[in-house]
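**Student:** Anchor point for the sequence shown: position 84 equals 417 in our numbering, and the numbering is continuous, going up by one each time.
Positions of the beta carbon are idealized from the N, C-alpha and C atoms, including for glycine.
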Amino acid sequence: MFWVLLLLLAWAVAATACTRLCRAAVRAAAVDAGTARAHDLTLYEAAFLSGGPARVADLTLVSMARQQRLLLAHTGWATVVDPRGRDDIERSVIGAIGPEGQSRIAPVRAGAAAADAVRTLADRLVNAGLAVPDGARTTVAAGVRQVRAAALFVPAVGAVALAMPGQPDLPRTLVALWFALPLALTLSCLAIARVEVHPYSRWASPAGQRLLGALTLHTGDAGDDRTYLTSVAVRGVRAIGEPELRAAFEQRARDWPD
């Protein structure tokens, strides 16, 4: 009867993972329901909803570099050209570079992402119902990963139960059907999540994701520079077109992997 214990373990793992995902989806829906008014996203807001604090830092670095107020060398160094930041986030970047006016890009990015200005931006988006609250930020995406892991765990445990010598004391087909039940639960939960809460965003609420979708559809309406920076905000540094600037961020990735 050892296979019964394995079956109970499979059920426990599957039920726990599915329950966590369902609770995360309910919380996300509650955030979405509280978002009633229209909201025009700024570039910083779009960057945060797309990639979190690090994306905001990347966008700011690229924006300042394109305005020639910051030099980003292909060797992975950032040098201040204009020390006057135009907003709190730019001032955070300049502060992260330090008083010498030069620093590696990786620690600058990390320092700017952790600055008070970015936390204030995050709080504003959460209050507007566009970002997932910090305590639940990874719940939907993490819940989906847990259910996927459970969907792999259940058949693995079932195979162990069937492979053990002297086990089971019921026909093997019947035992396999018992293990098929928690597997069906996990697969059904994944299918529902795919329909109801996909894409699984770490940062944006469903309402925030809809605004991002509308933003990416109309990037060509606001001018070339705005279009370029919108692309960086939504897609990240892979949207950078200039070889020299791209090399700077590639060097940063080697210094400080995401």
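#1: Less than 9 angstroms between the beta carbons of Ala484 and Leu520, yes or no?
#2: Which residues share a DSSP beta bridge with Val413?
#3: How would you write the range of the beta strand (DSSP E) that Arg424 sits in, first residue to last?
#4: What number of angstroms, rounded off, separates the C-alpha of Trp336 from the C-alpha of Phe486?
#5: Out of Thr412, Pro515, Ala464, which one is the CA nearest neighbour of Gly541?
#6: Just to confirm the assignment, what range does the alpha helix (DSSP H) spanning Arg437 have?
#7: Can you look up Ala537 in the DSSP assignment and give me helix, strand or coil?
#8: Met497: buried (16+ other C-beta within 10 angstroms of its C-beta) or exposed?
#9: Can Ala429 and Gly444 be called in contact, C-beta distance under 9 angstroms?
#10: Secondary structure at Ala555, three-state DSSP: helix, strand or coil?
**Tutor:** According to the data block:
#1: Yes. Within cutoff.
#2: Paired residues: Leu403.
#3: In this chain, Arg424 is not harboured by any beta strand (DSSP E); it is covered by the alpha helix (DSSP H) spanning 421-430.
#4: Distance between the alpha carbons of Trp336 and Phe486: 15 angstroms.
#5: Nearest C-alpha to Gly541: Ala464.
#6: Bounds of any alpha helix (DSSP H) do not take in Arg437; it lies within the beta strand (DSSP E) bounded by 435-437.
#7: Annotated three-state conformation of Ala537 is strand, per DSSP.
#8: By the 10 Å Cβ count, Met497 comes out exposed.
#9: Yes, Cβ-Cβ distance for Ala429 and Gly444 is below 9 angstroms.
#10: Summary for Ala555: the model assigns pLDDT 45, below 50, so the residue's position carries little reliability, and this model does not support an answer.
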